[in-house]
Amino acid sequence: RTKTESSLEKMGEKISLHPKKIIFIILALSLLLISNLPTITIDTSTEGFLHENDPTLIRYEKFKKQFGQDEMIMIGIKTKNIFDIDFLTKLKELHNELENTVPHLNDITSLINARNTRGEGDVLVVEDLFENWPETEEDLESIKQRAMQNVLYKNLLLNEQMTLTAIMLEPNAYEGSSGTDDLEGFGDETSEEDLEFLRDSSKSKMVRTADEIVQKFKADDFEVYIAGSLAINDFIKRSIQKDIQIFIKLSILMIAIFLYIVFRRLTAVLLPLFIVILSLLSTIGVMALSQTPITIPTQILPSFLLAVGVGAAVHLLAMFFKHFNEHGSKAKAISFSLGHSGLAIAMTSLTTAAGLLSFSTAEVAPIADLGIFAAAGVMIALVNTLVLLPAILMVVPLKQAKSKAIEKATKMDNFLKNIAVFSLHHAKSIVALGFIIFIVFVYFASEIKFKHDPLLWHPDNSNAKIATYTIDKELKGSVTMEVLIDTKQDNGLYDAQLLQKIDGLRKKLEEVNHSYSVAKAWSVAEVLKEIHKALHKNQDEYYAITDNNALIPQEILLFENSGSDDLEDLVDASFSQARMTLKLPWMEASEYTNMIIEIQNLMQEELGDEVEVVITGMVPLFQRTLVAAMHSMSMSYFMAFFFISIMMILLLGSVKVGLVSMIPNVLPVIMSLGFMQMVGMPLDLFTMLVGAIVIGLSVDDTVHFFHNFARYRHEGLSIEHAVEQTMLGTGRAMVATTIVLSLGFYIYIFASLSNLINFGIITGSAIIVALVSDILLAPALLKLLYGTKEKS
Numbered sequence: 084r085t086k087t088e089s090s091l092e093k094m095g096e097k098i099s100l101h102p103k104k105i106i107f108i109i110l111a112l113s114l115l116l117i118s119n120l121p122t123i124t125i126d127t128s129t130e131g132f133l134h135e136n137d138p139t140l141i142r143y144e145k146f147k148k149q150f151g152q153d154e155m156i157m158i159g160i161k162t163k164n165i166f167d168i169d170f171l172t173k174l175k176e177l178h179n180e181l182e183n184t185v186p187h188l189n190d191i192t193s194l195i196n197a198r199n200t201r202g203e204g205d206v207l208v209v210e211d212l213f214e215n216w217p218e219t220e221e222d223l224e225s226i227k228q229r230a231m232q233n234v235l236y237k238n239l240l241l242n243e244q245m246t247l248t249a250i251m252l253e254p255n256a257y258e259g260s261s262g263t264d265d266l267e268g269f270g271d272e273t274s275e276e277d278l279e280f281l282r283d284s285s286k287s288k289m290v291r292t293a294d295e296i297v298q299k300f301k302a303d304d305f306e307v308y309i310a311g312s313l314a315i316n317d318f319i320k321r322s323i324q325k326d327i328q329i330f331i332k333l334s335i336l337m338i339a340i341f342l343y344i345v346f347r348r349l350t351a352v353l354l355p356l357f358i359v360i361l362s363l364l365s366t367i368g369v370m371a372l373s374q375t376p377i378t379i380p381t382q383i384l385p386s387f388l389l390a391v392g393v394g395a396a397v398h399l400l401a402m403f404f405k406h407f408n409e410h411g412s413k414a415k416a417i418s419f420s421l422g423h424s425g426l427a428i429a430m431t432s433l434t435t436a437a438g439l440l441s442f443s444t445a446e447v448a449p450i451a452d453l454g455i456f457a458a459a460g461v462m463i464a465l466v467n468t469l470v471l472l473p474a475i476l477m478v479v480p481l482k483q484a485k486s487k488a489i490e491k492a493t494k495m496d497n498f499l500k501n502i503a504v505f506s507l508h509h510a511k512s513i514v515a516l517g518f519i520i521f522i523v524f525v526y527f528a529s530e531i532k533f534k535h536d537p538l539l540w541h542p543d544n545s546n547a548k549i550a551t552y553t554i555d556k557e558l559k560g561s562v563t564m565e566v567l568i569d570t571k572q573d574n575g576l577y578d579a580q581l582l583q584k585i586d587g588l589r590k591k592l593e594e595v596n597h598s599y600s601v602a603k604a605w606s607v608a609e610v611l612k613e614i615h616k617a618l619h620k621n622q623d624e625y626y627a628i629t630d631n632n633a634l635i636p637q638e639i640l641l642f643e644n645s646g647s648d649d650l651e652d653l654v655d656a657s658f659s660q661a662r663m664t665l666k667l668p669w670m671e672a673s674e675y676t677n678m679i680i681e682i683q684n685l686m687q688e689e690l691g692d693e694v695e696v697v698i699t700g701m702v703p704l705f706q707r708t709l710v711a712a713m714h715s716m717s718m719s720y721f722m723a724f725f726f727i728s729i730m731m732i733l734l735l736g737s738v739k740v741g742l743v744s745m746i747p748n749v750l751p752v753i754m755s756l757g758f759m760q761m762v763g764m765p766l767d768l769f770t771m772l773v774g775a776i777v778i779g780l781s782v783d784d785t786v787h788f789f790h791n792f793a794r795y796r797h798e799g800l801s802i803e804h805a806v807e808q809t810m811l812g813t814g815r816a817m818v819a820t821t822i823v824l825s826l827g828f829y830i831y832i833f834a835s836l837s838n839l840i841n842f843g844i845i846t847g848s849a850i851i852v853a854l855v856s857d858i859l860l861a862p863a864l865l866k867l868l869y870g871t872k873e874k875s
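Structure follows, in structure tokens:
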């Protein structure tokens, strides 16, 4: 430690000799990184939560290559009577404008163009429901009867009361394609590797264009709702775009105010702000350079790095101005501050980075990105603080502080010293109380459950939230799950018995009514039943799968010759794979876990081992995100504690003291998790970050406290004197950085999404608890650790 501190002092001397060169080099490198900022993107897609090599995502992308997108924009239109000619005329206008205007649209389905299969003599007719617009009341009634008798329309295009109908917009599978892509379904797939799946930004453009269109059609008798995962993700994206600007402005304002309160100098406000803003922009530049988008978790990066970065600058400036005010030499003050606090600042940055890097192996991709780039940002801020900031201090003109400012600072130091003295005199009682608090909160923390539900993040007045709940109520579901049934042989679907089993499976799925329900399930079986009925004079009793294997290819050929291309969405080109789509209500991710298990078991019972069944789509991705997040959380907490403990042991030169120093850092984490369980706050993708982040941040003050304490003990001071000198040397900076950090997280209460609000409240509070632990519990632990045998 002594050698390192001496090296840092010498580094300060060199910086004092060549400040302008250092400023030029660092600014040039920073500007090079910042130049990438215009290319940064935002991704809130469900796929974006998983790594590219995740098996669940690989299965999903394989499905999309064959059948296209499963995500849809679902527009619900509510009125008193759907089969009113005025309403239908307006519905047709809306359908046509959406079809002609919404970008990246592969297909649109509504009552206007819903498939209507019927027989006319020996001819199979497959046409739109409104192929011929009704001219009379009799025409309209005839169409209404066909719609009411069509089993497929129920809970898909029509609710039971006939008061709500849906328009479903299916995006293109790939970027740059228009309409039905040749490479999907029956087409040539040789050049798929050159194609890019539809980007999240393109999906958002679809949602926003559709929203602009429906706003023009809204009326009292034409209520419009836009639901589905695409609409939910787009709202989150809009929130991120708006909130990031608010967070950055509030962070800068808050930092500026407290820097002025602490130092009473304009330079002490502007210089740290310049350092942290430069570090932040450089970090975002690195993200843009690596083509890493801003995601739901990484949206906290700007305000996080601003708050964390300024903490290091505060500690350095506190020592710099203390020495400069007493002696008047900037060069000597720089060497002193780097020698005194440089190692502690470096260690706090390393421990914070270690806490963040514990996320780097997370199975949730945006969490891993947060860990990697937040850690990178902390290290960039460290270099700027230890090298660029001293160089700028040498260049800018500074004056020594007035005696009144020094007197006010002394009052704060004495207040903190008195707290530490109180802790030393009541060590046993404080440690005992801390132990009781720890046990109580461990009990509550052990009961907490993980939840993942982006819809709950939305405010109650969110249009996407209202629309999703409305569609779920009226049509029994707003999201889909896909089942791929693979026979492993060409024309394997020309098997009447297998198709009957698939149809039987659909019936059983729609009859399930536990904690979830399947609103609608459909597959190629529905098409074959429609054909079979049409070829038997449209008699309802023939709405079934034929028993004759030889008849199946003939029925399919008739359907294809009718001009419909609907089979492309339901089977592959060789008729070896069939797709079954299940429409489900929006639920919390853990609820889908039991549902998927039950569906898998049911399929195994019905279909046996003769076919391979793969469950994919948005719902399994959603559920996989939950499992990945739970595993990532446990790993990140362990890794953060382990690596930071090792660093503390190395810094303090003692296993025993290093482990004891971790107690004040673990307590805030346990209290945070326990408090969340007490008040019913969910542990989600954001609040799960609290543990590793708080350990990484709270240990900063612990490092400064124990580092300075160890220095004074090494000089031969008693425990009491060592603690007092530690408080006089670094106590004020600890309080200042804690205030800045906690407020840096409390600003999230202005967020649009509740998960971010919860994260800000819990993390900000935990950092305050960590400070109290450092100045109250840490001295008591040291007193009990060293006992009475000490040098006086």
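Here the sequence shown is numbered in our numbering, starting from 84 and rising by one per residue.
Here a beta-carbon is modelled for each residue, glycine too, at the ideal position from N, C-alpha and C.
Own chain residues within Cβ distance below 8 Å of residue i, not counting five before or after
i, result
"K612", "D586, Y626, A627 and I628"
"K866", "S506, L507, A510 and I802"
"P186", "S285, K288, M289 and T292"
DSSP-derived helix/strand/coil call for residue i
i, result
"V185", "coil"
"W540", "helix"
"F305", "strand"
"Y577", "coil"
"T563", "strand"
"I123", "coil"
"L133", "strand"
"D655", "coil"
"D317", "helix"
"E873", "Low local confidence applies: a pLDDT of 49 at E873 is under 50, so the model's placement there is unreliable, with the coordinate-based value given in what follows. Reduced to three states, the DSSP call for E873 is coil."
"A310", "strand"
Terminal residues of the beta strand (DSSP E) in which residue i lies
i, result
"Y625", "Looking at the DSSP string, Y625 is not in any beta strand (DSSP E), and its letter there is neither H nor E."
"R229", "Here R229 belongs to no beta strand (DSSP E); instead the alpha helix (DSSP H) covers E220 to Q232."
"L24", "Residue numbering for the chain in the displayed model covers 84 to 875; residue 24 lies beyond these limits and cannot be assessed."
"R662", "Q660 to L667"
"A604", "K603 to W605"
CB of residue i within 8 Å of CB of residue j, strictly
i, j, result
"N196", "R229", "no"
"T184", "I296", "yes"
"T563", "M745", "no"
"M759", "L766", "yes"
"A395", "I360", "no"
"F346", "F404", "yes"
"L472", "T350", "no"
"T821", "I851", "yes"
"A849", "V773", "yes"
"H541", "L836", "yes"
"G61", "V525", "Since the first residue shown for the chain is 84 and the last is 875, residue 61 is missing from the structure and cannot be characterised."
"A608", "L582", "yes"
"P537", "L453", "no"
Neighbourhood of residue i by C-beta, 6 Å cutoff - its chain only, sequence neighbours within 5 removed
i, result
"S99", "A414, I417 and M477"
"A819", "V345 and V397"
"S856", "P747 and L750"
"V209", "T200, S645 and S647"
"D190", "E253"
"D573", "S657 and S659"
"S412", "none"
"A437", "F726 and I727"
"H134", "A448"
Own chain, CB closer than 7 Å to residue i, minus 5 neighbours either side, in chain order
i, result
"S606", "I585, R589, L653, A661, R662 and M663"
"A339", "V352 and L356"
"T435", "V391, V461, G779, L780 and D783"
Distance cut-off 7 Å: residue i Cβ against heavy atoms of the ligand SAM
i, result
"S848", "Ligands are entirely absent from the displayed structure, and the ligand SAM is therefore not among its contents."
Delimiting residues of the alpha helix (DSSP H) encompassing residue i
i, result
"H398", "L384 to H410"
"D283", "D283 to F300"
- [ ] Return the chain-ordered ranges of every alpha helix (DSSP H) run that is complete within the segment 155-210 and spans a minimum of 4 residues.
- [x] Counting only runs of at least 4 residues, the segment 155-210 fully encloses the following alpha helix (DSSP H) elements, listed from N- to C-terminal order: 168-184.
Open item on the list: For a minimum of 4 consecutive residues, which ranges assigned as the alpha helix (DSSP H) are wholly contained in the segment 684-751?
Closed with: 701-735
Task: In chain order, each alpha helix (DSSP H) run of at least 4 residues that lies wholly inside the segment 416-493 - done: With a minimum length of 4 residues, the continuous alpha helix (DSSP H) runs that stay inside the segment 416-493 are 448-466 and 472-478.
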